[in-house]
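Numbering (the numbering used here), first residue to last: -8 to 909.
Yeah, the Cβ is synthetic: ideal placement off N, Cα and C, and Gly gets one too.
To start, the structure itself, in structure tokens.
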Amino acid sequence: MSGKQLEKIYEPKQVEDRWYRHWVEKGYFHAPLAHPGEPYTIVIPPPNVTGSLHIGHALNNTLQDILIRWRRMQGRNALWVPGMDHAGIATQNVVERQLSTEGSSREQLGREKFIERVWAWKGQSGGTIIQQLKRLGASCDWSRERFTMDEGLSKAVREVFVRLHEDGLIYRGERLINWCPRCLTALSDIEVEHEDTKGKMYHISYPLADDPNTALTVATTRPETMLGDTAVAVHPEDPRYRHLIGKKVRLPLTTREIPIVGDSILVDLEFGTGAVKITPAHDFNDFEAGERHKLPRLTIFNHLAQLDPKGLKAAEVEETVTSEIQNLPVSKARSKVEQALKARDLLVKTEDHKMALGKCYRCKTVVEPYLSPQWFVKIKPLAEPAIKAVEDGRIRIVPESWTNNYLGWMRDIKDWCISRQIWWGHRIPAWYCTSCNRAAMVEAASSTSSQRAYTFLATAQPMVGRTAPAQCPACQQKDFIQDPDVLDTWFSSALWPFSTLGWPEQTPDLKKFYPTSTLVTGLDILFFWVARMIMMGLKFMGDVPFRDVYIHALVRDAEGQKMSKSKGNVVDPLHVMEQYGTDALRFTLAAMASPGRDIKLAEERIEGYRNFANKIWNAARFILMNLDGPREAVSPKDRPFADRWILSRLNRTIREVTASLEQYRFDQASSHLYQFIWHEYCDWYLELIKPALQNKDSVEATRTRQTLVETFETVQRLLHPFMPFISEEIWQTLPHEGESIVTQRYPAPTPDWDSKETETEFATVERFVSTARTGRSLLNVLPGKALTLFGTARDPEQWTTLVNRQSYAAHLSKGTITADKAPDKWGARVLRLPAEGLIVGIQVEQDVDLRDALVRISKQKQELSKECERMEAKLSNREFMAKAPEDVVAEWRQRIVTLKRESDLLADSERQLQEMTA
RNA sequence: GGGCGGAUAGCUCAAUUGGUAGAGCGCUGCCCUUACAAGGCAGAGGUCACAGGUUCGAUCCCUGUUCCGCCUACCA
């Protein structure tokens, strides 16, 4: 025995870490500028610096790694840019939680110290996910790792902000925004998750000011907001109410009177009572209605979503009511207001009502519409080119079905609120002159005696620039305060495809690798991230950020439930890798990545692919044990039958896997690999060649050993993008050239491996063997016992195959075969089984239990005759004969002949068996 | 409310210009045959959600229904 001997069972742990370190040390993942290949670039969807690898990351990065390794092996200059984003709100939450366990807070620490603290945290425990990606085998170019808060990327953020502002695409203004009263910051529209909730609809009576006996009834789901109402709207064409437009109602629980206005946008004639209260400071629609009718805005909640005494006073709320509800959170105040209305007999009725409640996507707190000065991106001018790029195919979304989703959203896009009232992130590059803005400065809640902090009202005049201004152009003063807000994290992620490559500098990387090739991501961030990258890429690079967007599925648990920590149904990829090996996890995820379908991940599947890895491992063992002796590389046509066959099949597999990858059909590619390796290579090929190998010194053996090495080495390369570790480990033990499989060429089809004739011949052998084995099983012949077999075929080609390939068929059937054209003369104790034109005869020994065989053959005969009847009915249908295409008719005719013949033979066999039993 | 997708073997999913329905896992039987029991061989299992329509022929095309997902939305 020569060469290396392998353990009996594949042990991933002994392999994975070793190879990964080796690959990195050798720099195989580095994409050099001088590389002659056409670039193939992927930028990683940057995971949160707070994150740790979950199964969704595992899927996302496995698919990227498959693409990158595949393209790298194809000779492309493959660059996978890794990195993380700073996850403003999430990271700030993590560090604040830490501070609170220490009895401190960010306010106590002060802004500067707090940010130092976040960096310290990042240095220590941030970014564990990077290590976990390495564990997954991700072949990123780690020398190019980026972080959204890096100096370079921060510079890009400032540059983009300033340029957008110069172009009039960034503005500051007081608007209603989504406010998280727990995170104490604004959120963009898409950072709000909507959740169906059971609520109540309250019908409240608003008496007319000049006629208290008449009242308008308004309906609302949030009765507490009525205290901030500044009008009631009715439809201008509503005959019930239109005469009231211009009159006033007395707003209950307050001393105010508010006007009745006509508004055809806000009011739906069909819905509710036909009268709508308007609360411009606490509802998005009402805000707009307020604009239309020039209504005042009364803010009655504070930033914690509590009823604000000052606001209540300004809204002229009755003191008895105020004292009941002031400083209560919204949810508690609601019932108090309900009671107060009831006591005054103004609550007409309440009914159950289903509604969608907005919640903060980070902390699930109910979000409040909140009136405050914020920074916005005017998005329409950016969206238009981004729509066009997808419409005209410069960007392709795969699967295509998501394209409409994207387009629909983009066409209806709203301005993007980019300011966040937190400290961790890119601070907005805008400054306020303290003397010009004195009236617009308010001391902030976080202000302390040692560190003054301010917020700026909507009336403040910011100066936007790359650096702080030196002198105020208006008053010549030199005292400035920078805007305290930071930018939405997605603002910096939107620049990721070019900021990571060095923009705004015109770096060689940027020139070489932009636009990137493919973006791989989940549907959940199509709008958050993908859409914004497209807009920013087009605006600042003048070209799309990527050609293809591959959208993969969401991973769910085996029952189809979304995985969540609270449900306890998460599959931890680290645990899976530990238990089954990384390659098994990767292959599972690839195999299950059917387009447009969520992945329901059951652990048994992973186990199945662990077994697959082991199967490959054992095939390698077998091959290494049989490699002793000379090898002769001759052209395929001069190789033994089995070799010609497997070369032809391998060629087909190479084509299929490559075509599947080109279409992002990871599932198909995996299934072709699995099918070929296990069921063709291992089940048939390795068995077919055993006799030849045993005769070590034969010419056949020298040629087969060569084929064995060639094909198995090729299989490893074909498999490598999917199962990088085991393929490298095995490849290294096989005769090979080059130092690592990572940098070898991906297999390409070799035309002279194709052999249609051999495949046809093999099909005959396979059919014969399977039939013989079925016979063995029916007759309860033990696997070890040799069979005495006969065989014949009607078709001359099949007959020739049977004669020529007799030794293979005999070996795999474990018996001796007599090829004989006259099956009637095989003898009374030879059971004949039909198989699509073949007849296989099996010598039946004495004292064999024939019941199984009899049952089976009778059943089969019945099925066949049933099918014959069906087909005959068809063929006697005049319309079918007249209208069906000729080839279909011919096919059915042919089929019925075969079926009849087989059914006759089965009848014979049945009779024969009955005689033997008797 | 609108939009999209799905319903195929016990489970998870494929497939088809409309002409005999496939795989993996699971299940049953036999076998520790020196690559592999994380294995081998053989097998069972399907009115392709329901109801109509088009067609010589429908799992596939059309219409409707039911159920299940997801996205989206200001019905107070």
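**OP:** Just confirm the distance between the C-beta atoms of THR702 and LEU641, as a whole number of angstroms; I'd bet it's less than 8 angstroms.
**Re:** 5 angstroms
Original post:
Which of helix, strand or coil does DSSP assign to LYS113?
Top reply: helix
Subject >> GLU704, buried or exposed, once every other Cβ within 10 Å from all chains shown has been counted against 16 >> reply: buried
Original post:
Can you find at least 3 beta carbon pairs, one from the stretch 418 to 437 and one from the stretch 181 to 199, that sit closer than 8 angstroms?
Top reply: no
**OP:** From the DSSP output, read off the bridge partner residues of PRO360.
**Re:** ASN169
**OP:** Could you tell me whether any non-hydrogen atom of the ligand ZN is closer than 7 angstroms to the CB of PRO30?
**Re:** Judged by which ligands are present, the structure shown has none, so any question about the ligand ZN falls away.
**OP:** Using the Cα positions of SER196 and SER438, report the straight-line distance between them to the nearest angstrom.
**Re:** 44 angstroms
**OP:** Kindly indicate the opening and closing residues of the beta strand (DSSP E) around GLU342.
**Re:** 338 to 351
Original post:
By a C-beta neighbour count over all protein chains shown, 10 Å radius and 16 as the cutoff for buried, is GLY159 buried or exposed?
Top reply: exposed
Subject >> Proximity of PRO536 and PRO390 at Cβ, strictly below 8 angstroms >> reply: no
**OP:** Alpha carbon to alpha carbon, how far is THR579 from ALA129? Give it in angstroms, no decimals.
**Re:** 16 angstroms
**OP:** Excluding the 5 residues preceding and the 5 following VAL223 in the sequence, name in chain order all residues of the same chain whose CB lies nearer than 8 angstroms to its CB.
**Re:** TYR197, LEU207, VAL209, VAL240, ILE249, PRO250, ILE251, VAL252, ALA266, VAL267, LYS268 and ILE269
Subject >> Cβ-Cβ distance between TRP10 and PHE716 below 8 angstroms >> reply: yes
Original post:
What are the boundary residues of the alpha helix (DSSP H) that MET64 is part of?
Top reply: 46 to 64
Original post:
When you compare only the Cα positions, how much space is there between ARG861 and ASP895?
Top reply: 17 angstroms
Original post:
Once you ignore the five residues that flank MET714 on each side, which residues in its own chain have a CB closer than 7 angstroms to its CB?
Top reply: ASP574, ARG577, PHE578 and ALA604
Subject >> For VAL40, the first and last residue of its enclosing beta strand (DSSP E) >> reply: Premise fails: VAL40 is in no beta strand (DSSP E) and is neither H nor E.
Original post:
Considering GLY190, what are the terminal residues of the beta strand (DSSP E) in which it resides?
Top reply: 183 to 198
Original post:
Just reading off the alpha helix (DSSP H) that VAL567 is part of, what are its end residues?
Top reply: 564 to 571
Subject >> Where VAL888 falls, given that 16 or more other Cβ within 10 Å makes a residue buried >> reply: exposed
**OP:** Might you give, ordered along the chain, the residues of its own chain that have their beta carbon closer than 6 angstroms to the beta carbon of ASN169, omitting 5 neighbours on each side?
**Re:** LEU178, VAL183 and VAL358
Original post:
Does the distance from the C-beta atom of PHE531 to that of VAL151 stay below 8 angstroms?
Top reply: yes
Subject >> PHE262 classed as buried or exposed, judged by whether at least 16 other C-beta atoms fall within 10 angstroms >> reply: exposed
**OP:** Count the other CB atoms, across all protein chains shown, that sit within 10 Å of the CB of GLN903; report buried if there are 16 or more and exposed otherwise.
**Re:** buried
Subject >> Residue interval of the beta strand (DSSP E) (run including PHE537) >> reply: 537 to 543
Original post:
By the 10 Å Cβ neighbour count, where 16 or more other Cβ atoms means buried, how is GLN467 classified, buried or exposed?
Top reply: exposed
Subject >> Check whether LEU778 and GLN834 have beta carbons under 8 angstroms apart >> reply: yes
Subject >> Straight-line gap, PRO738 to LEU592 (C-alpha atoms, nearest Å) >> reply: 31 angstroms
**OP:** Grab me the residues of GLU678's own chain with a C-beta within less than 7 angstroms of its C-beta, minus the 5 sequence neighbours each way, in chain order.
**Re:** LEU803
Original post:
Taking Cβ positions, are VAL521 and LEU50 nearer each other than 8 angstroms?
Top reply: no
Original post:
Hey, GLY74 and PRO37 are a contact pair by Cβ (cut 8 angstroms); roughly how many whole angstroms apart?
Top reply: 5 angstroms
Original post:
Excluding the five sequence neighbours on either side, which residues of its own chain have a C-beta within less than 6 angstroms of the C-beta of TRP400, listed in chain order?
Top reply: PHE518
Original post:
By DSSP, does LYS238 sit in helix, in strand, or in coil?
Top reply: coil
Original post:
In whole angstroms, what is the alpha-carbon distance linking ASP534 and GLY118?
Top reply: 31 angstroms
**OP:** Would you kindly check if the distance between the Cβ of THR762 and the Cβ of VAL831 is under 8 angstroms?
**Re:** yes
Original post:
Any idea what DSSP makes of ARG418, helix, strand or coil?
Top reply: strand
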